[in-house]
Amino acid sequence: MNNKKYNNFICQIINEDLNKNKNLSLRTRFPPEPNGHLHIGHAKSICLNFELAHLYNGKCNLRFDDTNPLKENIKYINSIKYDISWLGYKWNGSVRYSSDYFFKLYQYAKQLIYKGLAYVDNLTKEQIREYRGTLNTPGINSPYRNRTIEENIKLFKKMKNGEYAEGEACLRAKIDMSSSSIIMRDPVLYRIRFMPHHQTKNIWCIYPTYDFAHCLSDSLEKITHSLCTLEFQENKFLYNWILYNTNVEYHPKQYEFSRLNLEFSILSKRKLKILIDQNIIQGWNDPRIPTISGLRRKGYTASAIKYFCQKIGITKQNTLIEYSLLEHCIRKELNQTAIRSMAILEPIKITLYNLDENHKEIFVVPNHPNNPDMGTHEIIFTNIIYIERSDFKEKYETGYKRLSIGKEIRLRYAYIIQATKIEKDEFNNIINIICYCDTTSLGKKPKNKKNPAVIHWISMHNTLPVEFRLYDQLFNIKNPEQQKNFLSYINPKSLIKKHGFIEKTLATMIQQYIFNQNNQLCFQFERIGYFCIDYIDSQKNYLVFNRTVNLRDLWNLKKNKNTNN
């Protein structure tokens, strides 16, 4: 492990703690709530906690803070475990749950009651919110705040036994309703939920709040460094208050770091669920959202995600990370690992009039130009081929380095061709480009003239029809998370589908990977972008390819620049 990679302020804290206590055994935890899929922000926390444990020869627990059965589901637990394993991390021992400690948490709650530091309140949820006050006005004590210890113990037992309806009673900490920190104004510790729990079934009808369970679970697991994002900084007051006022043996220390904010993205699980419920996206694994499952389906690798988390670092400064950095990380990897091949998204036919109908040549081409170990594959050359429609212009434009009438172009791995005329349909659409093929130009530079630009192509006899899905940003503003009406900024062109061809000679290789999300097969479709197989929607007789990240198109960049000027 390269220590320089992880030289952040939390490492400095740990180093100081180790200098003070040579026997300290580092223990971290990743404590997700099982109410949705993990996203790239969670990946940052996962990498931090697991990498620190590895760096300092410690341990990292996986604990689900499962205190709200209303929003939780076993499917989220399974997806979270899968994502962490897919990222390459192994947690310490068995998976843990806050629900494992429900009986102990109940006892700690009674301790607070016996100390006169908690009471059963019968205010409604709305009244509690009203009594709490604002940042500028202090709160008001509940009329039930001064109940006796004996009465509170009796009423808390009634809550546990199901003798209250939901919302009729709750247990609150007795702290300070005039505190400058609103979270310390008698926060709720327990509430009633008549709903089966995915772990404890129907044993309990009262459930601890996240803030109450989280700190005590950390203590019970002897977590040395409890790491969380800055939005929980205010919760630290309650975290320490609960630990100080209960008879716990171990007091973890909490440290905050900046959460990940990503351009053009929503990371709030609540807002992501809105997108799903309104059918704006397919689900939690839609490639347009930065969930780990969505990124995986889009073709992102675990190593690229971890490299991205390393690049952004760990600080206390909230910043908006450029999406281009995330794309850089996967592009850098795929440039080394992706198989090169040719694909046509919008086909237009070319007939090479000086070649026979039976003309057929086999060219053996590399799977990667700089890595012979990746092998080769065959392509077929015949008198009818397809090129991209955007690679032909009927009338030549200055600076356009593709095919035009009277102009030459080289076919990748093959010959130089020259367009002589076109054929159109009744709607004036070009359906065929008639070209001359210079059969002496294979692998040779033309005499007495410049070498023409190169375009990709596929023979009509080597085509496999497929669907291409071209993904763009889901939102058309940089920071939709900050917008109250974020749904009004949806990019209507975030997904464009094309129906074209890939090289049929690659079909055997591809079939092995269709349904394998663990071992994605990625391609660089030359001059188009990096693509992977969609392992969910693809079928053996119908392949779907997702664009992972695009390539730089110098012509369009220049064109856009001129347009903007």
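Per the working numbering, the sequence shown runs over residues 1 to 565.
A virtual CB, placed ideally from N, CA and C, is assigned to each residue, including glycine.
Restricted to the segment 492-535, the alpha helix (DSSP H) segments that are unbroken, complete and at least 4 residues in length are 507-511, listed in chain order. Rounded to the nearest angstrom, the Cβ distance from I458 to Y386 is 5 Å, consistent with a contact under 8 Å. When C-alpha distances from S217 are compared across S293, K236, P31, the shortest belongs to P31.
Per DSSP, the unbroken alpha helix (DSSP H) holding D211 starts and ends at 210-220. Remark: C-beta atoms of L334 and Y530 approach each other more closely than 8 Å. The residue from E263, N261, I289, L260 with its alpha-carbon nearest to that of I274 is I289. Note on K306: 16 or more other CB atoms within 10 angstroms of its CB, so buried under the neighbour-count rule. A straight-line Cα-Cα distance of about 11 Å links N462 and M342.
The residue from L70, I14, Y97 with its alpha-carbon nearest to that of N57 is I14.
Per DSSP, reduced to three states, the secondary structure at T319 is coil, with no helix or strand assignment.
The DSSP-derived three-state label of E423 is strand. Note on the segment 322-408: whole alpha helix (DSSP H) runs with a minimum of 4 residues are 323-337, in chain order.
Scanning Q127, Y82, I153 for the CA closest to the CA of L112 turns up I153.
Assignment of beta-bridge partners to Y542 by DSSP yields Q539. Inclusion of R527 and Y471 in the CB contact set at 8 Å is not warranted, their separation being larger than that value. Close CB contacts of S178 within its chain, under the 6 Å cut and outside five residues either way in sequence, are with P138 (chain order). Taking the CA atoms as reference points, I321 sits about 10 Å from K478.
Using a Cβ distance threshold of 8 Å, C228 and A43 do not count as a contacting pair. Of F102, N550, G299, Y353, the smallest CA-CA separation from Y210 is found for F102.
The three-state secondary structure of N35, taken from DSSP, is coil. From the listed residues L345, P369, L403, R29, the smallest Cα separation to V544 is found for L345. Shown here for I149: same chain residues with a beta carbon closer than 8 Å to its own, the five before and five after excluded, namely I113, Y114, G116 in chain order.
Taking 4 residues as the minimum length, the alpha helix (DSSP H) runs contained wholly in the segment 33-86 are 40-55, 74-86, in order along the chain. Residues of the same chain with a CB within less than 7 Å of the CB of A53, apart from the 5 flanking positions on each side, are L26, T28, K59, C60 in chain order. In the pairwise beta carbon analysis, the segment 119-135 is classified as touching the segment 167-176: at least three pairs are separated by under 8 Å.
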